[in-house]
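K.L.:
Just so we're on the same page, the working numbering is the position in the sequence shown counted from 1, plus 15.
A single structure is presented below for examination.
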Amino acid sequence: MLPLERQKKILDLLMIKNVLKLPELTAELDISIDTLRRDLNTLTSQGKIEKIYGGVKLVQAKFGESSMDERMIKQLEEKENIARKCSQLISDGDCIYLDSGSTTYHIAKYVKHKKLLTVVTNSIPIVQELMDSSVELIIIGGKIRHHEQSVIAYDYLFNFQGLNIQKAFICCSGITIDRGISDYNLEEAVTRKKIVEQAGQVYVAADSSKFGKDVTISIAPLERVDAIITDHHVNAELVHKFKKLRTNLVIAE
């Protein structure tokens, strides 16, 4: 197992059990204590874990938006399922927008072999994922947001009006029936608002933990969203409520 794979496995284990002893980790990963210490030193220097007496624990995320790296490893199976379902809505020849986010990143992995596909994005990881594919890539211009690995758009650098985006797949941090979709960061929200206004169809890719949250900045009301693609852990009562709305709730099994 490569160091990056081991380090990801360590973080996955800590997501399940917040504190782990060193003997538990060496047994689970089948590695020596010296190899484990090197991996733990790397993760500690990245600010992802904290060493405690005889073991390690996850660094608690600050209130609000967690980092892209943290979100990449949370609810991974659910996000993969959501991404796979989203990819089924994308056809050869489409011009789509893939938002910066851990769930939309996974969509990129499933559309690499689509023919004559154009992807507009503000996500650096998505650009990297599609770089060696035949997909036509357009990245918006603006300021790099290091924490999110995204580009925050500026009107004088990018002309949204010139785009013919047929389908937009965006992320958010909160979803409520009354208030719609919302996010923590103003600049990210501004970019998403522009895309929502511009796109022919708007899809929100969001795991079930986002429902019931109305966070800092409003992006759009639900009536502007064609569908929300989420995982099977979504509340059954909420599923029933969505049946009365224009916005479709699609469950990715």
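Backbone N, C-alpha and C define an ideal beta-carbon position, used for all residues, glycine too.
1. For the alpha helix (DSSP H) holding L37, just list the boundary residues, first then last.
2. Are the beta-carbon atoms of I272 and K63 separated by less than 9 Å?
3. Take K24 as the anchor and find which of K129, L55 and I48 has the nearest alpha-carbon.
4. Check for me: the alpha helix (DSSP H) holding Q143 runs from which residue to which?
5. What number of angstroms, rounded off, separates the C-alpha of K182 from the C-alpha of V205?
6. Using a 10 Å radius around the Cβ and a threshold of 16 neighbouring Cβ atoms, would you call E238 buried or exposed?
7. Leaving out the 5 sequence neighbours to the left and right, which residues in its chain are closer than 7 Å to L73 when beta-carbon positions are compared?
8. Please look up how many angstroms separate the CB atoms of E163 and S117, rounded, as I've assumed it's under 8 Å.
9. If you run the structure through DSSP and keep just helix, strand and coil, what is A267?
10. Which two residues bound the contiguous alpha helix (DSSP H) that contains E212?
11. If I measure Cβ to Cβ from K158 and keep anything under 6 Å in the same chain, skipping five residues before and after, which residues do I get?
12. Return the CA-CA distance between V150 and V135, expressed in angstroms with no decimal places.
13. Who does I185 pair with in a DSSP beta bridge?
P.N.:
With the structure as the only source:
1. On the sequence shown, position 22 is the one that residue 37 refers to. First-last of the alpha helix (DSSP H) with L37: L37 to L44.
2. Outside the modelled stretch of the chain, which goes from 16 to 268, sits residue 272, for which no answer is possible.
3. As a working mapping, residue 24 is identified with position 9 in the sequence shown. L55 is the residue among K129, L55 and I48 whose C-alpha sits nearest the C-alpha of K24.
4. Here residue 143 is taken as the residue at index 128 of the sequence shown, counted from 1. Per DSSP, Q143 belongs to the alpha helix (DSSP H) from I139 to L145.
5. To locate residue 182, count along the sequence shown from 1; it is residue 167. To locate residue 205, count along the sequence shown from 1; it is residue 190. Distance between the alpha carbons of K182 and V205 is about 18 Å.
6. The count along the sequence shown starts at 1 and reaches residue 238 at position 223. Residue burial annotation: E238 is exposed, with fewer than 16 other C-beta atoms found within 10 angstroms of its C-beta.
7. The residue you call residue 73 lines up with position 58 of the sequence shown. By the criterion of a C-beta distance shorter than 7 Å, L73 is surrounded in its chain by L29, N33 and I64, once the five residues flanking it on both sides are discounted.
8. In the sequence shown, counting from the first residue as 1, residue 163 sits at position 148. In the sequence shown, counting from the first residue as 1, residue 117 sits at position 102. With a contact defined as Cβ atoms closer than 8 Å, E163 and S117 miss out at about 10 Å.
9. Here the question's residue 267 lines up with position 252 in the sequence shown. Looking at A267 - three-state DSSP - the assignment turns out to be strand.
10. Position 197 of the sequence shown, counted from the first residue, corresponds to residue 212. Its alpha helix (DSSP H) spans residues L201 to Q213.
11. By 1-based counting over the sequence shown, the position of residue 158 is 143. Same-chain partners within the cutoff: I167.
12. Taking the first residue of the sequence shown as position 1, residue 150 is located at position 135. Taking the first residue of the sequence shown as position 1, residue 135 is located at position 120. Those two C-alpha atoms are separated by around 10 Å.
13. Taking the first residue of the sequence shown as position 1, residue 185 is located at position 170. For I185, which the question treats as bridged, DSSP gives the partners V219.
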